[in-house]
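Residue numbers (our numbering): 500 to 801. Structure first, commentary second.
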Amino acid sequence: MKKGEGTTLAGVIAIDKPEGPTSHDIVRRVRRAMQTRRVGHCGTLDPLATGLLLVCVGRLTRLSAWLTGADKKYTARFRLGGTSDTADAQGQITAVDGPVPTREQLEEAIAQWQGVIEQVPPSHSAIKVDGVRSYKRARRQEVVELPARTVTVSRFDVDEYEYPLVDVSVDCSKGTYIRALARDVGEILECGAYVEALRRTRIGAVDVAEAVELDEIDALAAEEIGDGNSRLWVDPVEALSDRMPALRIDVDGARDFTRGRMVETTASAGEVAVCFGDELLGIGRVDGEQLHAVKVMAEPTP
């Protein structure tokens, strides 16, 4: 989404994160490549995890709240027969001498964590407790008690099972911890469980198949800064399409919207992705045949 001469690069990049780096490591890499500090990611992936990480650049960092709030899809591998203080394979593993569940028992346990559920996040998480990240307190051996949060798990399927390994697919809302699902299923089965591998395959309307590899970022960014390279970006309007419809307005409407003025419209009430041509101007809300700006992401239209 490179703009005219003299303007700053802005857009959304879909990156297929490899195992190892943190989400903030990816942000630092993009900052260096794009030569700007105005970069942020839309939903943390643990170092163990791979898959889709959306990174916003420039003024489209204003879009991060909407993309972070989108539903997610994951594939994961659970290992039964043990627990982990981090609920994944990177923590301190303790063997559990418990029963070997049948597939039927496994599916019954998983069924208890589908739908709208109350989930206690892992103590090793980025949630802040009195201003300090929970994982930092846990590493200091402090007792961390996080309150349960309401999340929605719309799909939680067993794809393959051969003890002690379980391959699952999960569709869920923002804030759902796959590590917590593994932990809680293991508790029901009385054999323990933790995440051995995790991959995020989708955020909202964006699929990991659209993502670029991390090792491509430097070269693609250099091309974009030079002559422009649309392969670097995903379409932000399409990325929002599962959360809100697009509303295209004319030049007079664009001029008013980007200046925070009301625009008359016959569109249905609710949030909309406001566009002029193919450009995302921002997020608006339609109420009573009036379009109001919620967040403007484009420069004022001349």
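Just so you know, even glycine gets a beta-carbon here, dropped at the ideal spot from N, CA and C. Predicted model, so just to flag it, every value in this text is computed and none were measured.
So which of the options has the shortest CA-CA distance to residue i?
i	options	result
Met743	Ala704, Met761, Glu607	Ala704
Ile592	Trp732, Cys690, Leu731	Cys690
Leu562	Ile782, His791, Ala792, Glu798	Ile782
Leu566	Glu798, Ala772, Leu790, Glu644	Ala772
Gly725	Thr675, Met533, Leu544	Met533
Leu551	Leu719, Asp749, Val750, Ala708	Ala708
Asp666	Ala575, Gln640, Ser767	Ala575
Arg536	Val554, Asp751, Ala548	Val554
His623	Arg602, Ser653, Tyr676	Tyr676
Within the same chain, show all residues whose beta-carbon is closer than 8 Å to that of residue i, passing over the 5 residues directly before and after it, in chain order.
i	result
Glu606	Val657
Met761	Asp755, Gln789, Leu790, His791
Pro546	Glu518, Gly519, Pro520, Thr521, Gln589
Ile626	Pro620, Arg632, Ser633, Leu645
Gln604	Leu688
Thr560	Arg537, Val538, Gly539
Leu664	Arg576, Phe577, Arg578, Leu579, Glu695
Note down, in chain order, each residue of its chain lying with its Cβ closer than 6 Å to the Cβ of residue i, except the 5 sequence neighbours on either side.
i	result
Lys673	Gly568
Leu680	Trp612
Glu659	Asp666
Indicate the three-state DSSP secondary structure (helix, strand or coil) for residue i in the structure shown.
i	result
Gly783	strand
Ile687	helix
His523	helix
Gln789	strand
Glu644	coil
Gly725	helix
Gln613	coil
Arg742	coil
Thr567	helix
Asp670	strand
Residues in its own chain within less than 7 Å of residue i by CB, not counting five upstream and five downstream?
i	result
Gly787	none
Ser740	Ala704
Thr765	Glu788
Ser583	Gly590, Gln591, Ile592, Tyr693
Asp670	Asp570, Lys572, Ser653, Arg654
Leu719	Val711, Asn728, Arg730, Leu731
Val736	Ala745, Ala772, Cys774, Leu779
Asp683	Trp612
Contact check, residue i vs residue j under 8 Å by CB: the rounded distance?
i	j	result
Gly769	Arg784	7 Å
Ala485	Val556	Shown here, the chain extends from 500 to 801; a query on residue 485 therefore has no answer.
Ile512	Val529	7 Å
Leu688	Leu790	The pair is not a contact, with the Cβ atoms about 52 Å apart (cut-off 8 Å).
Gln618	Val650	5 Å
### Task
Count the C-beta pairs between the region 514 to 524 and the region 538 to 548 that are closer than 8 Å, then say yes if the count reaches three, no if not.
Yes, they touch.
### Query
On the three-pair Cβ rule with 8 Å, is the region 692 to 707 touching the region 610 to 619?
The region 692 to 707 vs the region 610 to 619: no contact.
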